[in-house]
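Heads up, the sequence shown is in this note's numbering, so the first residue is 1 and it goes up one at a time.
Don't be surprised by glycine CBs; every beta carbon is placed ideally from N, CA and C.
Since the structure is predicted, the reported quantities are computational estimates derived from the model, not experimental observations.
Reviewing the structure listed below.
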Amino acid sequence: MVNGASLPANMDTLVMERNVRGWQGAFRTNPAFHLILAFFVGIVAGLGAVVFRRLIGLMHNAFFFGQISSRFDDLQHSAASFWGLGVVLVPVFGGLVVVWLVRTFAPEAKGHGVPEVMDAIYYGSGVIRPVVVLVKALASSISIGSGGSVGREGPIIQIGAAFGSSLAQWLRLQEWQRLGLIAAGAGAGIAATFNTPVGGILFAIELMLVEVSARTLVPVMIATGTAAFVSRLFLGNYPSFIISQHMINQTLHQRAGAYGAYVLLGLLTGGAGLLFTSCLYWTEDRFEHWIKNPYARHAAGMLGVGLILYFMIIFTGHYYVEGVGYATVQDILDGVITQPVFLLLLLLLKILTFSVTLGSGGSGGVFSPALYVGAVLGGLYAVIANHLLPGIEVSMTIAAALGMAGMVAASTGAAVTGAVMIFEMTSDYHIIIPLIIVASLAFGVRRLITRETIYTRKLIRRGHFIPEARHSNLYLMRPAGEFIETPLIRVKGSRTLADIAVLLHRGREIPHILIVEGTQPRAVLTAPRVRELLRHRQTSTPIENFASEDWFSVPVDYQIYDLVARFRATHQECALLCRIDPPEHHEDVIAIVTIEDVLAYTSLPMRLLRPHTAQ
Numbered sequence: 001m002v003n004g005a006s007l008p009a010n011m012d013t014l015v016m017e018r019n020v021r022g023w024q025g026a027f028r029t030n031p032a033f034h035l036i037l038a039f040f041v042g043i044v045a046g047l048g049a050v051v052f053r054r055l056i057g058l059m060h061n062a063f064f065f066g067q068i069s070s071r072f073d074d075l076q077h078s079a080a081s082f083w084g085l086g087v088v089l090v091p092v093f094g095g096l097v098v099v100w101l102v103r104t105f106a107p108e109a110k111g112h113g114v115p116e117v118m119d120a121i122y123y124g125s126g127v128i129r130p131v132v133v134l135v136k137a138l139a140s141s142i143s144i145g146s147g148g149s150v151g152r153e154g155p156i157i158q159i160g161a162a163f164g165s166s167l168a169q170w171l172r173l174q175e176w177q178r179l180g181l182i183a184a185g186a187g188a189g190i191a192a193t194f195n196t197p198v199g200g201i202l203f204a205i206e207l208m209l210v211e212v213s214a215r216t217l218v219p220v221m222i223a224t225g226t227a228a229f230v231s232r233l234f235l236g237n238y239p240s241f242i243i244s245q246h247m248i249n250q251t252l253h254q255r256a257g258a259y260g261a262y263v264l265l266g267l268l269t270g271g272a273g274l275l276f277t278s279c280l281y282w283t284e285d286r287f288e289h290w291i292k293n294p295y296a297r298h299a300a301g302m303l304g305v306g307l308i309l310y311f312m313i314i315f316t317g318h319y320y321v322e323g324v325g326y327a328t329v330q331d332i333l334d335g336v337i338t339q340p341v342f343l344l345l346l347l348l349l350k351i352l353t354f355s356v357t358l359g360s361g362g363s364g365g366v367f368s369p370a371l372y373v374g375a376v377l378g379g380l381y382a383v384i385a386n387h388l389l390p391g392i393e394v395s396m397t398i399a400a401a402l403g404m405a406g407m408v409a410a411s412t413g414a415a416v417t418g419a420v421m422i423f424e425m426t427s428d429y430h431i432i433i434p435l436i437i438v439a440s441l442a443f444g445v446r447r448l449i450t451r452e453t454i455y456t457r458k459l460i461r462r463g464h465f466i467p468e469a470r471h472s473n474l475y476l477m478r479p480a481g482e483f484i485e486t487p488l489i490r491v492k493g494s495r496t497l498a499d500i501a502v503l504l505h506r507g508r509e510i511p512h513i514l515i516v517e518g519t520q521p522r523a524v525l526t527a528p529r530v531r532e533l534l535r536h537r538q539t540s541t542p543i544e545n546f547a548s549e550d551w552f553s554v555p556v557d558y559q560i561y562d563l564v565a566r567f568r569a570t571h572q573e574c575a576l577l578c579r580i581d582p583p584e585h586h587e588d589v590i591a592i593v594t595i596e597d598v599l600a601y602t603s604l605p606m607r608l609l610r611p612h613t614a615q
């Protein structure tokens, strides 16, 4: 009984539901729960990389040989298709299926994937549709398997990120948790694909994480380590490329002149990375301008790729530029291909077929093509350098590996990732100094010419700009009481704006107004609101009619970082800074702070003003 009335029959149920919701909310925000989710994302990303690789093999065997088999070794050249001249149409048929899949189910699955993930992080609150996982896997495996000259890393990055986002949406996690799981899924995809867990972590740090802290970095580490472990269970603990120890040991005996040659190689790969990016977007623009129908556009592009594949198999015995191209990269690392004219031909044809495949509407990654171009460029550079300056003895294998790191650094902007991933692939410490030299210089050359990477250029064309770096705002760590700038006056609610106007005519700055009732603070009228009311000359109305009771109180030493979090969580307009919190008397209130005050003081992104939607 409450005041003689009976409680509603369902009151116990309502209380129980409220307790359950509170428990669920506490569980979802528990750091340990977030780590468990990262572990799960890593498992799925690792399995996804394995399944995606098998799917590529299945599509390749079906399109080229009419067989239902997933057996495929991408370090070995594919045999000639029994279709003969009909192989020209294989990429066309695959391309038409890709266009249908993408246009029908998930337009964001078109292209190389990573820009879409970055766009979701910075402009989509980390929301990626679950259907992207399936459509991207199918579209990219068909594109690669039917001869498209693209990579498998971009797709698995998008697949891992999409799963992380979907899991977070399903569990209704907060936005920062969703963004963290996206980065974890992306890094895990890289780690599982290349068997480079450290490279996966660095990739997430350089390109995906909007915040680098323990709460975001540890989940990425767990996911990448787990994904690499799962991948090794199914595919074995082998590097993506096999580099003989004999070749790598040559770094122990490098002459000083070789390091000078590596400097020049770094500069060249920087320029090549810019060319690589520019060719892709130039080709995309030309196709969109010339052919409006997406099916006809991609069919025309893939017909060109098919012709190149046919002539390559007829005149050279291998396709060389189809698919991910790892077999060609392995040939260069092994020193099998040494003819400079042929290396130059491979360099040009790879850039052409890659640009046409993606530019006409295909689906696949840019990472493998960048590695391919870097390896060919490094090998070509070594051949020419040894011919012109035989005394410096530049190893073709080492130069190819360095070129791979340089191209990744220049084209994607992930310089540290490029250097560390190649180091993980070689497992030789002595190559790390040349890697640092080449990757740093390649990144610097590209950055000197343009800030745009192959990922960000696509977003910039949409008007979506991505920050180049993450800065620590030191002001966020300071007490809120340090930036009290707008004065405060206390008045009773019955006072009018005319009374306030009298004070202002005496030269006082427009203040925040705290409306008091007895000894307690009751409502707030902010300075911008006062200014607006005075402009409309509504001076005879009591100020309590315009005041807001939408406020909360915090201690004067409350950190600005925590204050911003309170604004977002409570949706309230202003905060009272108090000597004693909660205030026992209106004299305990020493200032009023609005979110606009915080933004003006710290130059925080305007996105903080967006309503914090329920998770």
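- The DSSP assignment places no complete run of the beta strand (DSSP E) inside the region 174-215 (cut-off: 3 residues).
- If you draw a straight line from the Cα of Ile-337 to the Cα of Val-394, it comes to about 16 angstroms.
- For Leu-576, the enclosing beta strand (DSSP E) covers residues 574-578.
- In this structure, Leu-563 is the residue among Ile-580, Gly-66, Leu-563 with its C-alpha nearest to the C-alpha of Gln-572.
- Excluding sequence positions up to five before and after Ile-392, its CB lies within less than 7 angstroms of the CB of Arg-255, Gly-257, Ala-258, Ala-261, Ala-385, all in the same chain and listed in chain order.
- Asn-195 counts as buried, since at least 16 other C-beta atoms from the protein chains shown sit within 10 angstroms of its C-beta.
- Under the rule that a run must span 4 or more residues, the alpha helix (DSSP H) segments found entirely inside the region 306-380 read 326-333, 340-359.
- Here Pro-542 really is in contact with Gly-493; their C-beta atoms are around 6 angstroms apart, less than 8 angstroms.
- Contact between Val-44 and Phe-163 holds, with the beta-carbon distance rounding to 5 angstroms and staying under 8 angstroms.
- A distance below 6 angstroms between beta-carbons, with the five flanking residues on each side excluded, links Leu-303 to the following residues of its chain, in chain order: Val-92.
- Under the DSSP assignment, Ala-523 falls in the beta strand (DSSP E) whose first and last residues are 520-525.
- Around the CB of Trp-551, 16 or more other CB atoms lie within 10 Å, so the residue is classed as buried.
- If you check the CB distance, Leu-307 and Val-88 come in under 8 angstroms.
- With the rule of 3 Cβ pairs closer than 8 angstroms, the region 48-57 counts as touching the region 188-206.
- Contiguous alpha helix (DSSP H) elements confined to the region 544-577 occur at 560-570, taking only those with 4 or more residues.
- Collapsing the DSSP output to three states places Arg-490 in a strand.
- Contact check for Ser-553 against Pro-511 fails: the beta carbons are separated by 8 angstroms or more.
- In this structure, DSSP gives Thr-104 a helical state, which the three-state scheme calls helix.
- A contact between stretches requires three or more CB pairs, one per stretch, nearer than 8 angstroms, and the region 324-344 fails this requirement with the region 104-114.
- Residue state for Val-394 is assigned as coil, using DSSP reduced to three classes.
- Thr-453 carries a coil assignment under DSSP once its states are collapsed to helix, strand and coil.
- Excluding five sequence positions before and after Tyr-295, the CB atoms of its chain that fall closer than 7 angstroms to its own CB belong to Leu-96, Val-99, given in chain order.
- The distance from the Cβ of Ile-351 to that of Val-373 is about 6 angstroms, consistent with a contact at the 8 angstroms cut-off.
- In the DSSP assignment, Leu-514 falls within the beta strand (DSSP E) that extends over 512-517.
- By the neighbour-count criterion, in which a residue is buried when 16 or more other Cβ atoms sit within 10 angstroms of its Cβ, Gly-236 is exposed.
- At a Cβ-Cβ threshold of 8 angstroms, Gln-158 and Gly-113 count as neighbours.
- The C-alpha of Gly-66 is placed about 21 angstroms away from the C-alpha of Met-312.
- Taking the Cα positions, Asn-61 is about 27 angstroms away from Ala-227.
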